[in-house]
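First residue of the sequence shown: -4, per the numbering used here; consecutive thereafter.
All C-beta atoms, glycine included, are put in the ideal place defined by N, C-alpha and C.
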Amino acid sequence: PPRKQTEQTGYIVVIDAGHGGTDPGAGGASGKEEKDYTLSLSGKVYELLKQEPGFKPVMSRSDDTFITLPDRAKFANELDADAFISIHGNTFTDPDVSGTETYYYSDDSLPLAQALHRQLLGAMGFKDRNVRKFPWKVLTLSEMPAVLLEIGYLTNADEESAMLSRKGQARAAQAIVDGIKEYFSQTDAILSHE
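Here it is, written out as structure tokens:
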């Protein structure tokens, strides 16, 4: 279980903007690159979470840098982070495919994945493509509850325009923060009853 937050630090949450630098990630319907979307949204999550008492967000990258997957997990592990959240935009050859998917690997990451997924579905209104267990490298190497969010499909023109819009990013960022708060309020309640 996550440790009790201390007065000084609060919960350390690593916000990982997927891709970056020489790794552009998905090419969206408009030709824009996933790495720019993930950085933009991650920055918004960071700013919102910073304003929440009891949380200390840290970004794995704050500019267009390439970071290997093992290094992203190592960064979170060395910080002794309480949660790791990797932000992505999905891609598929068929532009009609759409929806929000949330990935976890270890069982102790499932409650975090469920909270984030539920909040994102409510905020974005995209098709529910479910919470899925999958051994993505950043998830298998992370030593804390870790989740990979595929907010929607950048290759779907409607979802991409919603995801890239200022309003859509504000909604997604708030949903992620709400999911983080929901998860930690549950774990707080469990810890206080132990």
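Counting along the chain, the unbroken alpha helix (DSSP H) around residue 135 starts and ends at 132 to 135. Residue 57 and residue 135 have their C-alpha atoms roughly 23 Å apart. DSSP places residue 32 in the helix class (H, G or I) of the three-state scheme.
For residue 163, the closest C-alpha among the options 45, 17, 133 and 121 is that of 121.
For the 7 Å CB-CB criterion, residue 39 and residue 141 do not form a contact. Here residue 56 carries a coil assignment [DSSP, helix/strand/coil].
In the assembly as shown, residue 77 is a buried residue. Its beta-carbon has 16 or more other beta-carbons within 10 Å. Within the same chain, and ignoring the five residues on either side of residue 30 in sequence, the residues whose Cβ sits closer than 8 Å to its Cβ are 12, 13, 14, 15, 16, 18, 19, 20 and 59.
In the three-state DSSP reduction, residue 142 falls in the strand class (E or B).
Annotation: residue 89 is outside any alpha helix (DSSP H) and is labelled neither H nor E by DSSP. The beta-bridge partner set that DSSP reports for residue 15 consists of 18.
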